[in-house]
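Taking it in order: structure first as structure tokens, then the write-up.
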Amino acid sequence: AGEEMQLRVFWTLRAGRTAAAAAGGFALGAAGFVYQTVFRNPLASPDVIGVSSGASAGAAAGILFLSGAGAVTAASFAGAAAALGLSLALAALDRSGRQGTVVLAGIAVHALAQTALMWLKLTADPERELASIEYWIMGSLADVTSRAAAGPLALGAVCVGALFLLHRQTVLLSAEEGEARMLGVPVGQMRLAVLLAATLAVACVVSLTGLVSFVGLLAPHAARLLTRRSGPGVLLLSGLAGGVLLTGADILARSAAAAELPVSIFTSLLGAPFLVWLAVRGRGAA
């Protein structure tokens, strides 16, 4: 009976949490690869262009005003899509075509999303809702179970599958627009399709784990260090690297202190210095 209870606890708590960390990290890594490829910018990631913050604001609104895990996922996607659309609209105002424009637009969108989050926290019940939203925003898999993870992970898997199916077209989008059109790629429709699939994948993860920083930035660069090819292997390695990063961060979050820590503490310890290094290297190259 004791062993049966231990197995039940493992499959209910540990297995669901580990699967969520691995699959969520995979989705973030794959989405990061898509953003960096489509925008032709090594700094582009769900965090930097404001998508993760928009998803967080949407999910927080879902927690406060809606009911049900599906509603939170939908609200998270709405926030992420709005953030992506606003970043693209702001970047389109700059006709120079500079690669850094979308990053600057994303920083502005991130600030707007943080403002929305602050307003939502002010409206939250301090005793029942505020503490959970605060901890959720920092990123945690503490409350993830197999049942809670099933829906978002299944939807996220569909989105990641779509990214693999559209991988060839995604890589062609990294070329000049005229060249991509000559190769038969419907640039506008394809860019919208892959960005929406990547954004929905990010929203699924954020609705489940909260805001996890820098996995989508780090994973594609780690993949490129492991292989020089530009085939589907880079997308796969980006996902695998993201899964390893988030799973490792979750293990540290559980074991580094007596009380469980947010996973973003550990991903940010890696990601923030790396982001600075990328920015400095890019300025030096320019």
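All you need for this note's numbering is the position in the sequence shown, starting with 1, plus 149. All C-beta atoms, glycine included, are put in the ideal place defined by N, C-alpha and C. Please read all numbers here as calculations on a predicted model, not as lab measurements.
Closer than 7 Å to chain D by CB, residue i
| i | result |
| --- | --- |
| Ala-368 | The displayed structure is made up of one protein chain only, and chain D is not part of it. |
DSSP-derived helix/strand/coil call for residue i
| i | result |
| --- | --- |
| Asp-274 | coil |
| Ala-324 | coil |
| Ala-405 | coil |
| Ala-299 | helix |
| Leu-395 | helix |
| Ala-280 | helix |
| Ser-362 | coil |
| Ser-289 | coil |
| Gly-382 | helix |
| Thr-416 | helix |
| Val-354 | helix |
| Arg-330 | helix |
| Pro-422 | helix |
| Arg-377 | coil |
| Gly-337 | helix |
| Leu-217 | Contrary to the premise, residue 217 reads as Gly rather than Leu in this sequence. Reduced to three states, the DSSP call for Gly-217 is coil. |
| Thr-348 | helix |
| Leu-253 | helix |
| Thr-294 | coil |
| Leu-389 | helix |
Rounded C-alpha distance that separates residue i from residue j
| i | j | result |
| --- | --- | --- |
| Val-258 | Glu-152 | 50 Å |
| Ala-224 | Gly-382 | 32 Å |
| Ala-254 | Ala-169 | 30 Å |
| Val-343 | Ala-299 | 23 Å |
| Asp-399 | Ala-291 | 9 Å |
| Leu-242 | Leu-233 | 15 Å |
| Ile-198 | Met-154 | 45 Å |
| Leu-213 | Pro-275 | 12 Å |
| Val-361 | Val-355 | 7 Å |
| Thr-250 | Ala-240 | 5 Å |
| Ala-407 | Ala-171 | 24 Å |
| Arg-296 | Gly-165 | 8 Å |
| Leu-450 | Ser-404 | Because the chain spans 150 through 435 in this model, residue 450 falls outside it and cannot be assessed. |
| Glu-328 | Pro-422 | 35 Å |
| Ala-390 | Ala-238 | 31 Å |
| Leu-401 | Ala-176 | 20 Å |
| Ala-435 | Pro-191 | Residue placement at Ala-435 is poorly supported in this model, since its pLDDT is 48, which falls under 50; the coordinates are not used for a value here. |
| Gly-174 | Leu-321 | 25 Å |
| Ser-323 | Arg-189 | 6 Å |
| Phe-313 | Pro-301 | 18 Å |
| Thr-167 | Ala-306 | 16 Å |
| Val-351 | Thr-272 | 26 Å |
| Leu-384 | Thr-264 | 33 Å |
Every unbroken beta strand (DSSP E) inside the stretch 167-204 [3 residues or more]
none
Can you find at least 3 beta carbon pairs, one from the stretch 390-397 and one from the stretch 268-275, that sit closer than 8 Å?
no
Residue ranges of each alpha helix (DSSP H) within the stretch 226-251, 4 or longer:
none
Would the stretch 398-415 and the stretch 181-199 be scored as touching if the rule is three or more Cβ pairs under 8 Å?
no
Using 8 Å as the cut-off, can you tell me whether the stretch 331-340 makes contact with the stretch 276-294, which would need three or more C-beta pairs spanning the two stretches below that distance?
no
For the pair the stretch 356-373 and the stretch 200-207, tell me if three or more CB-CB distances fall below 8 Å.
yes
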